[in-house]
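Report on the following structure.
Now the structure itself:
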């Protein structure tokens, strides 16, 4: 049994100090409770939580727009290489008479993405901006 207040509070302080939300941090102690004393346990829990946050991939939940870009086949691969540079994520592609790229882009970059696609394709691509979703980026 750990001395009261030496585990939860130090871990909570690390999480609060990292300015993250919707986060869980679990620290499991295998050995050392009675040997470390209260101060040693607090330092051990703090270090474990700090190391875990440093190793974690922190993502943001961002309002994004779904964009469908319909492009001729010859433009598919060259455009595919560029859309990520323009801030978009490729969710999927449908291959029919033309290729339809299903893209997700942060809402503030959606119009710039559409403009870049139209300019790159010399207006041979058509884009449709769809609904907004919250996505983890």
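Residue numbers (the numbering used here): 880 to 1016.
For each residue, glycine too, the CB sits at the ideal point set by N, CA and C.
Under the three-state DSSP convention, the category residue 942 falls into: strand
Pair within 8 Å by beta-carbon distance, residue 954 and residue 1003: yes
Exposure of residue 995, with buried meaning 16 or more beta-carbon neighbours within 10 Å: buried
Residue 949 in three-state terms, based on DSSP: strand
Residue 934 versus residue 1009 - alpha carbon distance: 35 Å
Residues bridged to residue 1011 (per DSSP): 944
Cβ contact check for the region 880–900 and the region 923–943: 3 or more pairs under 8 Å: yes
Beta-carbon proximity of residue 942 to residue 897, cut-off 8 Å: no
Where the beta strand (DSSP E) containing residue 969 begins and where it ends: 968–974
Short Cβ contact (8 Å threshold) for residue 993 with residue 980: no
Beta-carbon gap between residue 984 and residue 952 smaller than 8 Å: no
Extent of the continuous beta strand (DSSP E) run through residue 993: It is not in any beta strand (DSSP E) - residue 993 instead sits in the alpha helix (DSSP H) that spans 989–999.
C-beta contact flag for residue 949 and residue 902 at 8 Å: no
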